[in-house]
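Okay, so here's the structure we're looking at.
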Amino acid sequence: MIQCNFVFDKTAPNTTVGLAEDLLKQLRATVNLAKARHYDLKEPLAFGDINIHVGIPSFGSIPWAHSNVLIKDEKAWSEEWNAYLPFFDGLVTVADLVAKKPELLVSMKALCDSAVKKRPTSGVVHCPPILTVEDCPPISVVTPTYNRRELMDIAFHNLMATDYPKNKIEWIVIEDNEDSTLMASEKVVNFQVNNPEIQVKYVPIQGRMTIGQKRNIGVENATNEIVLFMDDDDHYPVTSLRRRVAWLTKGYRNADASMPDARASIAFCTTIALYDLVRGVSAVNVPPWGLGLGKRISEATLTFYKSAWLSRKFDDVNVAEGETWITGREGLCLEMPPQQVIVAFTHRGNSSSRRVPPQDVKEIACFWGFPKEYLMFIHKLAGIEVEEEGKKGGKKNKVIKNA
184 MIQCNFVFDK TAPNTTVGLA EDLLKQLRAT VNLAKARHYD LKEPLAFGDI NIHVGIPSFG
244 SIPWAHSNVL IKDEKAWSEE WNAYLPFFDG LVTVADLVAK KPELLVSMKA LCDSAVKKRP
304 TSGVVHCPPI LTVEDCPPIS VVTPTYNRRE LMDIAFHNLM ATDYPKNKIE WIVIEDNEDS
364 TLMASEKVVN FQVNNPEIQV KYVPIQGRMT IGQKRNIGVE NATNEIVLFM DDDDHYPVTS
424 LRRRVAWLTK GYRNADASMP DARASIAFCT TIALYDLVRG VSAVNVPPWG LGLGKRISEA
484 TLTFYKSAWL SRKFDDVNVA EGETWITGRE GLCLEMPPQQ VIVAFTHRGN SSSRRVPPQD
544 VKEIACFWGF PKEYLMFIHK LAGIEVEEEG KKGGKKNKVI KNA
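Per the working numbering, the sequence shown starts with residue 184, numbered consecutively.
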C-alpha cells in the first residue's frame, strides 16, 4: 500500500483538497493506494510515501515523505515560496485539477512508482531520526549574553539536565557589558569548576556588540564542526541537543538518501513553544506562512556545520540576524519539528518578534508540563512569585503574581 498525506491549512476553506482526492480516487484503479491522511500545517506528521502540499508549500513537512507534490494555487502564491520549488518532485496547478487533464494520472502514477523505489531495502525510516547517546559527536554550544547575570541560571540548568554526553560538549559564552556588576563571568567560572566534564570557554567583550557580531565570535571560537545556538534565557528540554544533532546528521532534506546532497548543512525550527514568565501564559508561535524561510526561523534553535558559517557570516544586526544568513541558501536547510527542542521565554528583559496572546487572554494554559519546582525557579529569576491556591478538578491552581 502506498501512503499519501495531505498537508494543508484546515482553517481555510479549500475545495482544492476535494479535487486532489478525486484525482487519487481515479489513481486507485491502477495503483494500490491507502486512504490519504489529512494533516493541518501545524500538526505533527507521520511518515508517508508521498506528501501532497495543498496551496502552501510546507517546508517542514518535506523530510516526512519519500516524495513531495505541490498543488500550486497561483491566486494565493507568495513569491517568497519560489525557493522551495526545487524540493518538490511534482508540481500540479489548481487549473490542471479543475481541467482533469488525463496526463495527471500518468504523472501521479510515475510519482507513486518512484516513491516506492525510494523506500529503504531493509528496516524503516526513522522520522524524527534517532541518535543514541553512544553515537553523539562532539558539539560546540554558543550562548551570547548581556546583562543576564540572574537568568544565566536557566542556561546552567539546561546543560546540567541535558542527556547529551557532557564530555562531548564545548560551551562558548560571549558576554559584552556596560556594567560589570551585571556580568555573569563569575557565575560562568563557578559553573565550570562544578561541572568539569563540560569544556567552558568564556569570551568577555568590553562595550556593546550586536547579536550578529556576538554569534560570529562564538562560532569563530568553536573547535567542533557541529555548532548549536543556545540562548541564555530559554528552556531546552533534556533531549533537545541530541534531537537537534540527530536531525542535522541523520535527517534528510527530501527523505531521499540516494541523492548526493540529501543531507542538510543547517537545521532549525520555525514554529516554537513560548512561555511568558511575567504573565504565566503559554502559547505556540507560528510565523505567517507567506513569509520566506529566512524570516520564519528561530535563531535560538539554529544547528549547523561550521562550514556553513565559514561561507557566510551573520550580519552586524541586533534583530533577525538569521534572515540574511539563510535567505538564498534554502537548499542547505532542514526544518525541524518543534517538539522537545525549545520553550522560548519572554520576560521584561528581552525583545522578540515572537508574541504571546494579548493581555485580555486570561487562560493560564499548560505551563508546558513544567514541574512546580522548575516553575518557581524560572519565575523567581524573572522577579515573579508563583503561588498555589484553591483547587479545580482535584488539582491546585498556579497563580502568577508580581514579586
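Note that beta-carbon positions come from the ideal geometry of N, C-alpha and C, so glycine has one too.
Buried or exposed (CB count within 10 angstroms, at least 16 for buried), residue i
i	result
H530	buried
H418	buried
S363	exposed
S494	exposed
A586	In this predicted model, A586 has a pLDDT of only 45, less than 50, meaning its place in the structure is not dependable; the value taken from the coordinates is given anyway. Counting Cβ neighbours within 10 Å, A586 comes out exposed, since fewer than 16 surround it.
V147	The chain is shown from 184 up to 586; residue 147 falls before or after that span and cannot be answered.
L365	exposed
K255	buried
S305	exposed
R302	exposed
R391	exposed
E358	buried
G201	exposed
N341	buried
A248	buried
L268	exposed
A429	buried
Collapsed DSSP secondary structure at residue i in the structure displayed
i	result
N330	coil
L207	helix
K301	coil
S244	helix
W264	helix
T507	helix
Q186	coil
A282	helix
D318	helix
D414	coil
K579	For K579, the predicted model reports a pLDDT of 48, less than 50, meaning its position is unreliable and no value from the coordinates is stated.
L431	helix
L218	Inspection of the sequence shows that residue 218 is occupied by Lys rather than by Leu. Here K218 sits in coil by DSSP.
N468	strand
V324	strand
I394	helix
V502	coil
Y385	strand
N378	coil
Own chain partners of residue i with C-beta closer than 6 Å, once the 5 adjacent residues on each side are dropped
i	result
A266	E513
G577	Only weak support exists for where G577 lies, its pLDDT of 46 falling under 50; the coordinates are left without a value.
H221	F189
L485	F412 and F451
G477	E506, I509 and T510
L431	A450 and T486
V308	F230
T454	V469 and P521
Check whether residue i and residue j have beta carbons under 9 Å apart
i	j	result
D223	T194	yes
L228	A219	no
D415	I337	yes
A456	V464	no
N407	I313	no
R427	Y435	no
I352	L424	yes
C452	S481	yes
K284	L210	no
S241	G273	no
F191	V237	yes
M343	N373	no
N350	I381	yes
P327	P520	no
Spatially closest choice to residue i from the options, by CA coordinates
i	options	result
M294	L457, V467 and I235	It should be pointed out that residue 294 corresponds to Leu in this sequence rather than to Met. With distances taken between Cα atoms, L294 lies closest to I235.
F550	L485, V461 and V502	V461
V376	S297, P348, L365 and F339	F339
I245	E518, D499 and Q522	E518
N330	N360, G475, R302 and M343	N360
V290	G306, P269, V252 and A429	The sequence shown places Ser at residue 290, rather than the Val named in the question. Closest option to S290, Cα to Cα, is V252.
V502	A429, L268 and A483	A483
E506	K225, A259, V277 and R479	R479
V469	A203, E226 and A212	E226
Residues near residue i in its chain [Cβ-Cβ closer than 7 Å; skip 5 each side]
i	result
N404	I355, K384 and V386
F497	G395, R398, N399, E504 and W508
S473	Note on identity: in this sequence residue 473 is Gly, with Ser being the wrong assignment. S261 and E263.
V402	V325, V410, K489 and W492
P348	V316 and C319
Q523	P420, T422, S423 and R426
L564	E333, L334, D336 and I337
Nonlocal neighbours in the same chain, by C-beta distance under 8 Å from residue i, ignoring five residues either side
i	result
I185	V214, N215, L216, A217, D232, I233, C295, A298 and V299
C187	L207, L216, A217, A219, R220, G231, D232, I233, N234 and I235
D499	T393, G395 and Q396
I561	I337, H418, L460, F528 and F553
E599	As displayed, the chain neither begins before 184 nor continues past 586, which places residue 599 out of reach and without an answer.
CB contact below 9 Å: residue i versus chain B
i	result
E506	The chain inventory of the structure shown lacks chain B, comprising one protein chain alone.
Proximity test, residue i beta-carbon vs the ligand NAP heavy atom, cut-off 8 Å
i	result
F487	Absence of the ligand NAP from the depicted structure is noted, as is the absence of any ligand whatsoever, leaving it without description.
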